[in-house]
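Just so we're on the same page, the working numbering is the position in the sequence shown counted from 1, plus 454.
Worksheet for the structure shown next.
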Amino acid sequence: TRPGRAVVIPALALVVAVARVLLPRARGGRAAAPSAVAPDGTPVALAVLGGFAVALVVVVVTVVDGMELPTAVSQTYDAVFHYSAVASILAERDASSLTLGTLTSPGAEAAFYPAAWHDLVSIVVLSSAATVPVASNAVATVVAGVVWPLSCVALVRVLVGPSWSALAATPVVAVGFIAYPWSLLSFGVLWPNLIGLSLVPAVLATVLVVIGTGAPGSLTRPRAALLLPVLVVGLGLGHPNTVFSLAVLAAFPVAGAAALLLFRMFRAGRRTVAVLLGLAGTAAVATAVHVLLTSSVFDDVRAFDWPAFATPPDAIREVALGATNGRPPAWIIAVLVLIGAATCWRPGYRWLVPAHLATGALYVLAASSESEVAAALTGFWYNDSYRLAAMLPITGVPLAVLGLAAVGWVLHRAVPLARASPGVLTALAAVAVLVGSGGLYTRTHASVVDDAYTVLPPGKPQLLDAAERTFFDQVAALVPPDAVVAQNPWTGSPLLWALTGREVLFPHLTGNWTSDQASLARSLNQIAGRPAVCEVADRLDVAYLLVGAVDFWPGDPRANGYPGLADPGTGQGFRLVAADGSGNALYEITGCGTTLLEETGSTAPTAR
């Protein structure tokens, strides 16, 4: 299956958990019944709430500054699919991941595409008066400002225990990395990855509890073991490549726990069993990796080829400075991560450093190498440096928090500040970071978001301009809800469906279209006197033609694949219904049925 490694990591974690429970019996002892510890208490809860409130304010300010209006539309390639996918769910009442891919493969009975994002947005639309863009912006804000910070809190809590200062700083630090969430709100736009990666820290925390390396908390190992497979499936429904992100990160603590377990078994005299388990585990992992790297299931994903754009030294520098994909350096965050890595020596979280380095190495490969090895290792993320860069904050956040804690400890030892505790000094250091970085680089992050939402004057390269959006409202008033509108998708017209509920013939810029769709793309504007074209239009319920300027990605040859959807002008078979003077026009197809007989004197098929 696509989230194949979803089986490997939970299975290894469960094996380690079971073995650790049975190990005391191997020594002649008795396994202690797992039990939850007492809740962390009000001070810790209030600290988390305070840090979360600050983080939420930072996110809201950034989003408002970047999007400007809640109705803003993401002017990106992938946004077309995501908006149309939500519109399709609302129209068809089918929100299954098993069929969502048929949006761009309409001839298939089933086609997988992870639908968690689109399902959430559709729920917001159905439960409110929000439009699809408004609901999308709202869900993106909640993921960035609520889900992600709290997910990071879950990971840090399992790593360091109930430290009120560390847990208060975590949500604030979590929104300070540009690679996630901010770049995923701009590039792509990668909303499914946004929601999937937001959960990875919490799922990783669950893995740590299962293998017994996390600090004691209310989540016991048996509960975590039951919860883990469900969470992994949830990641896969967010986006399958986030399962691989989890696998890469979880491999380090799982491998460390397994090695420690085998070492203890060896010392306890169970050497043969330890060796056999070690060999079996190594063989299982090697087999799984081989299958994943060679399976044809991932051929379509690995086929993506994002060209390298940096030299290896430059890519390494970007990782070190938190400046991936050519973004401005985040000096304060970078220093905190470095301090955290230098002080990350305790057994419970020393795995953070190699995990962080592994993610950085994957980014460097994607950003700087065109080799087959780089393509094979990064193929599960579409060889896309943005998706790999977004993994860095998952380990970067706890490392930065550990760095803050180290700063607080040094201040406590070196500067007698009214006998303030290390926790208080850590919290003060977090406040200093917030202020010193301009609200955690709020302006920089807002400008990144703004890149995807800026509306340019008409005629400039963009997906949807103000005139076109206004014209869509006219179209909605003129086109019946059950009619389909034919259009060249490269004019931005697929957004008609999401914005007005009027279905379009081509809901995305590219797709595996049916022969009927391809036929209309070639010859719809020559419908007069061609009964075969009328038959196709009738089968697809196409009754209108929407035309406009091709302003998105000018020069892309794929926009030329729709000659039959160009403006028919005064040609027979069409009646101009509306035009706005900016190149946008709506035509009703009149060249079929009885109208065709009147205009051409030829025989036409009977309309349904």
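Even glycine gets a Cβ: it sits at the ideal position worked out from N, Cα and C.
Look at the alpha carbon of Gly1035 and the alpha carbon of Gln941, and state the distance between them as a whole number of angstroms.
Straight-line Cα distance between these residues: approximately 18 angstroms.
Would you call the region 987-1001 and the region 930-940 in contact, with 3 or more CB pairs under 8 angstroms?
yes
Out of Val791, Val540, Val739, Pro587, which one is the CA nearest neighbour of Glu957?
Val540
So, helix, strand or coil for Arg781, using DSSP?
In the three-state DSSP reduction, Arg781 falls in the coil class, being neither helix nor strand.
I need the DSSP call for Ala941, collapsed to helix, strand or coil.
A small correction: the amino acid at residue 941 is Gln; Ala does not occupy that position in the sequence shown. DSSP places Gln941 in strand when its eight states are reduced to three.
Inter-residue spacing [alpha-carbon to alpha-carbon] between Pro694 and Leu831
15 angstroms
Asp1021 and Trp944 - do their beta-carbons sit closer together than 9 angstroms?
no
Roughly how far, in whole angstroms, is the beta-carbon of Thr530 from the beta-carbon of Val903, given that I think they are within contact range, below 8 angstroms?
The Cβ separation is near 11 angstroms, so there is no contact.
Please state whether the Cβ-Cβ distance between Leu621 and Val498 is less than 9 angstroms.
Yes, Cβ-Cβ distance for Leu621 and Val498 is below 9 angstroms.
Cβ shell of Ser823 (< 7 angstroms), same chain only, five flanking positions each side left out
Ala762
Buried or exposed: which applies to Ser582, given that a residue is buried once 16 or more other Cβ atoms fall within 10 Å of its Cβ?
Label assigned to Ser582: exposed.
With three or more beta-carbon pairs closer than 8 angstroms as the criterion, would you say the region 500-508 touches the region 604-622?
yes
Please look up how many angstroms separate the CB atoms of Cys606 and Val773, rounded, as I've assumed it's under 8 angstroms.
Not confirmed; about 19 angstroms, so no contact.
Any chance you could list the alpha helix (DSSP H) runs of at least 4 consecutive residues sitting entirely within the region 572-599, in chain order?
As for any alpha helix (DSSP H) of minimum length 4 sitting wholly inside the region 572-599, the runs are 586-596, ordered along the chain.
Pull up the distance between the alpha-carbon of Asn966 and that of Thr556, whole angstroms please.
9 angstroms
Sort out for me which residues DSSP pairs Val958 with in a bridge.
Val939
Run through DSSP, which three-state label would Phe1028 get?
Collapsing the DSSP output to three states places Phe1028 in a strand.
Span separating the alpha-carbon of Thr968 from that of Gly1018:
When only Cα atoms are considered, Thr968 and Gly1018 end up about 15 angstroms apart.
Kindly indicate the opening and closing residues of the beta strand (DSSP E) around Tyr998.
Unbroken beta strand (DSSP E) run through Tyr998: 996-1001.
So Phe1006 and Gln928 are in contact, right, with Cβ under 8 angstroms, and what is the actual spacing, rounded?
Contact doesn't hold; Cβ gap of about 21 angstroms is too wide.
Could you tell me the distance, in whole angstroms, from the CA atom of Pro676 to the CA atom of Val664?
7 angstroms
To the nearest angstrom, report how far apart Ala820 and Leu806 are at their CA atoms.
Each residue's Cα considered, the two are about 21 angstroms apart.
Pop quiz: Ala784 and Gly794 are said to be a contact at Cβ under 8 angstroms. What is the actual Cβ separation, rounded to whole angstroms?
Between Gly794 and Ala784 the Cβ distance is about 14 angstroms, and since that is not below 8 angstroms, they are no contact.
Under 9 angstroms, do Asn779 and Ala854 count as touching if we go by C-beta distance?
no
On the three-pair Cβ rule with 8 angstroms, is the region 979-989 touching the region 569-581?
no
May I ask you to list the residues that DSSP assigns as paired with Tyr1071?
Since the first residue shown for the chain is 455 and the last is 1062, residue 1071 is missing from the structure and cannot be characterised.
Determine the extent of the alpha helix (DSSP H) in which Cys798 is found, giving its start and end residues.
For Cys798, no alpha helix (DSSP H) encloses it, and the DSSP letter there is neither H nor E.
First and last residue of the alpha helix (DSSP H) that includes Arg675?
675-692
Between Val588 and Gly735, what straight-line distance do the alpha-carbon atoms span, to the nearest angstrom?
48 angstroms
Using CA atoms only, rank isn't needed, just tell me which of Ala545, Thr595, Pro560, Leu959 is closest to Leu523.
Thr595
Could you compute how far the alpha carbon of Gly482 sits from the alpha carbon of Val727?
Bear in mind that a pLDDT of 40 at Gly482, under 50, signals an unreliable position, so the number given afterwards is only what the model happens to contain. When rounded, the distance between both Cα atoms is 16 angstroms.
In this structure, how does DSSP classify Tyr817 when only helix, strand and coil are distinguished?
helix
Does the beta-carbon of Ser672 have 16 or more other beta-carbons within 10 angstroms, so that it is buried, or is it exposed?
exposed
Output needed for Ala471: all residues of its chain with C-beta closer than 7 angstroms, excluding positions within five of it in sequence on either side, in chain order.
With a pLDDT of 43 at Ala471, under the threshold of 50, the modelled position of this residue cannot be trusted; read the value that follows with caution. Counting only Cβ-Cβ distances below 7 angstroms, and skipping sequence neighbours, we find Val664, Ile665, Gly666, Arg675, Ala679.
Looking at Pro625 and Leu609, is the spacing between their C-beta atoms short of 9 angstroms?
no
Inter-residue spacing [alpha-carbon to alpha-carbon] between Phe1028 and Glu1042
6 angstroms
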